[in-house]
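Colleague: Please find one structure pasted underneath; my questions will follow.
In my numbering, the protein residues as written are 121 to 230.
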């Protein structure tokens, strides 16, 4: 039973790491896209309307939307990746300690 529980725990930890890495990759792609949006931006676009006045279009809502989506994805992705890694390392350490204790117990009984 211990082996099945260990495999399940390891699988869940690997799944957390995978989701974290995927979210970080998506966030990275959004950050690159944001960089291209900012690099390609000219200061202000002004176009004439029917009334003859000038309307300003900066494209800022699109950039803020990309930033607003990528920031939480980065935080959640980093959190999942770190949590999955820590779970796997902690699990390996705990099972190694259990094996060492069993080995010491067998040596004492001899």
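Ideal Cβ positions, reconstructed from N, Cα and C, are used throughout, including at glycine.
(1) Which two residues bound the contiguous alpha helix (DSSP H) that contains residue 199?
(2) Is it right to say residue 122 is buried, meaning 16 or more other beta carbons lie within 10 angstroms of its own, or is it exposed?
(3) Count the other C-beta atoms from every protein chain shown that fall within 10 angstroms of the C-beta of residue 145, then say buried if there are 16 or more, exposed otherwise.
(4) Identify the continuous alpha helix (DSSP H) that holds residue 140 and give its terminal residues.
(5) Report the rounded CA-to-CA distance for residue 150 versus residue 190, giving the unit in angstroms.
Modeller: Let me lay it out:
(1) Counting along the chain, residue 199 sits inside the alpha helix (DSSP H) bounded by residues 180-229.
(2) Under this definition residue 122 is an exposed residue.
(3) The residue in question, residue 145, is exposed, as its Cβ has fewer than 16 Cβ neighbours within 10 Å.
(4) Where residue 140 is concerned, the enclosing alpha helix (DSSP H) stretches over 122-159.
(5) Taking the straight line from one Cα to the other gives about 6 angstroms.
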